[in-house]
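Undergrad: Here's a structure for you.
In the numbering used here, the protein residues as written are 5 to 155.
In structure tokens, the structure reads:
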């Protein structure tokens with residue numbers, strides 16, 4: 005579990021970059037089977053005007069580019085917030101083997117809060133899910149962002 009906490013530290017550092025462009029502080033890291041970082045990302049929707057620029061998608065794209073393949077089946081995605089439906093679908097599409105997340109998203113989460121997209125038995129691959137890693141830190145970063153934003 006310690007390695008998940010260390011990886012979440014990288015994702016939290018990435019998330020901290022997002023507010024500079026007005027983006028919600030969510031960060032993600034893709035690790036290979038040996039724990040090496042293949043890709044990182046934070047929310048860039050406001051920065052780029054791209055509705056798909058969620059942290060998970062940014063990190064998955066970087067990892068696929070680094071690997072030269074969209075198949076990331078021996079990789080882990082570590083993200084500070086429970087993925088939404090789009091990002092949960094991206095996890096399945098990339099064949100991610102393990103998903104680690106911090107804070108639960110009670111409004112749009114698709115890994116147990118609202119929907120169970122990655123736990124659905126119909127997709128061709130299974131995803132190991134590790135939830136709640138450094139959840140308090142992940143949630144605090146989001147809470148501080150929204151308190152400041154709402155004034």
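Ideal Cβ placement from N, Cα and C applies to all residues, glycine included.
Can at least three beta-carbon pairs, one atom from the stretch 108 to 118 and one from the stretch 53 to 73, be found at a separation below 8 Å?
TA: no
Undergrad: CB residue 155 to CB residue 135, shorter than 8 Å?
TA: no
Undergrad: Take every Cβ of the stretch 70 to 77, pair it with every Cβ of the stretch 14 to 31, and state whether three or more of those distances are shorter than 8 Å.
TA: Between the stretch 70 to 77 and the stretch 14 to 31 there are fewer than three C-beta pairs closer than 8 Å, too few to call the two in contact.
Undergrad: First and last residue of the beta strand (DSSP E) that includes residue 60?
TA: Where residue 60 is concerned, there is no enclosing beta strand (DSSP E), although the alpha helix (DSSP H) it sits in stretches over 59 to 71.
Undergrad: Spatial neighbours of residue 9 within its chain, please: CB distance less than 7 Å, with the 5 preceding and 5 following residues excluded, ordered by chain position.
TA: 137 and 138
Undergrad: What span of residues does the beta strand (DSSP E) with residue 102 cover, start to end?
TA: 102 to 107
Undergrad: For residue 15 versus residue 31, is the C-beta spacing smaller than 8 Å?
TA: yes
Undergrad: Go ahead and pull the three-state DSSP assignment for residue 18.
TA: helix
Undergrad: Ends of the beta strand (DSSP E) at residue 84?
TA: 80 to 85
Undergrad: Compute the beta-carbon to beta-carbon distance between residue 28 and residue 45, rounded to the nearest angstrom, for a pair I have assumed lies under 8 Å.
TA: About 13 Å separates the CB atoms of residue 28 and residue 45; that is not less than 8 Å, and the two are not in contact.
Undergrad: Counting C-beta neighbours from all protein chains within 10 Å, is the total for residue 151 16 or more, i.e. buried, or is it exposed?
TA: exposed
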